[in-house]
Structures are given as structure tokens and as C-alpha cells.
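Written below as C-alpha cells is the structure these notes are about.
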Amino acid sequence: MSTEQAEDRPRTAAEWPPEAPASGADVLIALRFADRAARKAVSEELAGTGLHTGQELVLAKLLHHGSLPVAQLAKVLDVEVPTATKTTQRMETAGLVRRVKNSADARQVSIELTDRGVELAHTVQEVYDRAGRRALAQLSPEDRRVLRNLLWTITTTLEPISSH
1 MSTEQAEDRP
11 RTAAEWPPEA
21 PASGADVLIA
31 LRFADRAARK
41 AVSEELAGTG
51 LHTGQELVLA
61 KLLHHGSLPV
71 AQLAKVLDVE
81 VPTATKTTQR
91 METAGLVRRV
101 KNSADARQVS
111 IELTDRGVEL
121 AHTVQEVYDR
131 AGRRALAQLS
141 PEDRRVLRNL
151 LWTITTTLEP
161 ISSH
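Under the UniProt record's numbering, think of the first position of the sequence shown as 1, with each following residue one higher.
Okay, here's the thing in C-alpha cells:
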């Protein structure tokens, strides 16, 4: 491959010497590629489930938190309320979630998983576990812990102050 061709394509991880300085751009670009690879690995395994993009996160959050009002669900998903409303309506039509009235205040409605939704949420968890094991196979437990903490630090640093 000519030098000109090599400069036209992004470098692979193997082409970056570990001791080379990493600029902010290098790190964010690597994060974007890692995110894309992770999403692809998960979406390929979930392709046969009938889930649309983002619905697996709704299942995971409801499995973890239990029943939630749409506004609270939107907050934990970091999306706008209309987005959460549309997503949960679609999932309700698919039989994955149901709306339940609050026993203390009939005006309030929460979203909860159906039995089918719980089953699919466990499948989603298994898919994420497998993809995570594959992604982190070459990292020691300590490296994984450090990576997780660094990623959360980056996330909270980049989030707008209004979302905290």
C-alpha cells in the first residue's frame, strides 16, 4: 500500500503505538468507533427479536427500575418525553409493555413490562453480556474497572449541566 493510500484511511488500534500521545480528538474518534462496533454487535444479535433501535434500552431500564411514569422513563433513557411516549406506544402495540394507572392517583399512568417484555428484557441482557465479554476479552479485570470509570467520567464531563 502506498504512503498516500495509508494516509487516506483511519489508523487501526494496532497502528497506534501505546506510548504515542493521544489527543482529545484521537480519544473521541476511538470512542465513536467503539460505540459503533458495540451497537453493531448488539443489533446483529437482536435482529430477529423484532425490536426497533432503542427499545432494548427501554426493556432494560424497566426490568431494572420496575414500573415508571413516561416522564421518569424518558429521564433515565436521556430522551425527550415525546420520544419515550412514541416508543412505549409502539412497544405496547407489540405486547412488550402495558400502561397501568397509579392506584393512588388515577390520572397518573406508568409503564411496566408484560411477561413477554420481561422475557425479551432477559434476552437483551444476555446479548449485552455476550457482546461485553467479547469486547473486553483482552482486558484484565482492573483494566475493565478503570475503563468503566473513565467512560463515566467522560460522559458526565460532556453532558450539559442542565441534564444533571
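Think of the CB as a built atom: it goes at the ideal place given N, C-alpha and C, for glycine as much as any other residue.
Given the structure is predicted, the values throughout are model-derived calculations rather than measurements.
Within the same chain, show all residues whose beta-carbon is closer than 8 Å to that of K61, passing over the 5 residues directly before and after it, in chain order. L68, L73, V76 and L77
Leaving out the 5 sequence neighbours to the left and right, which residues in its chain are closer than 7 Å to Q55 when beta-carbon positions are compared? T87 and M91
Got a sec? Which residues, its chain only, sit under 7 Å from A22 by beta carbon, not counting five neighbours each side? none
Which two residues bound the contiguous alpha helix (DSSP H) that contains V146? P141 to L158
Apply the 10 Å Cβ neighbour rule to residue 170 and answer buried if 16 or more other Cβ atoms are within range, or exposed otherwise. Any question about residue 170 goes unanswered here, given that the chain covers just 1 to 164.
Backbone secondary structure at P69 - three-state DSSP: strand
Which word fits V100, buried or exposed, when buried means at least 16 other C-beta atoms lie within 10 angstroms of its C-beta? V100 comes out exposed.
Under DSSP, the beta strand (DSSP E) around L113 begins and ends at which residues? V109 to L113
Exposed unless 16 or more other CB atoms sit within 10 angstroms - verdict on A84: buried
Given this structure, state the Cα-to-Cα distance separating G50 from A20, to the nearest angstrom. 44 Å
Helix or strand or just coil, what does DSSP make of V79? coil
Locate the alpha helix (DSSP H) running through D105, then write down its first and last residues. Careful: D105 lies outside any alpha helix (DSSP H) and carries neither H nor E.
In chain order, what residues of the same chain lie with their CB nearer than 7 Å to the CB of E44, ignoring the 5 residues before and after it? Same-chain partners within the cutoff: there are none.
V146 to A34 span [Cα, whole Å]: 16 Å
Do L158 and L120 come within 8 Å of each other at the CB atom, strictly closer than that value? no
Rounded to the nearest angstrom, what separates H65 and A135 at their Cα positions? Taking the straight line joining both Cα atoms gives about 26 Å.
Throw me the rounded Cβ distance for the G95 and T114 pair, which I believe falls under 8 Å. About 6 Å; that satisfies the 8 Å criterion.
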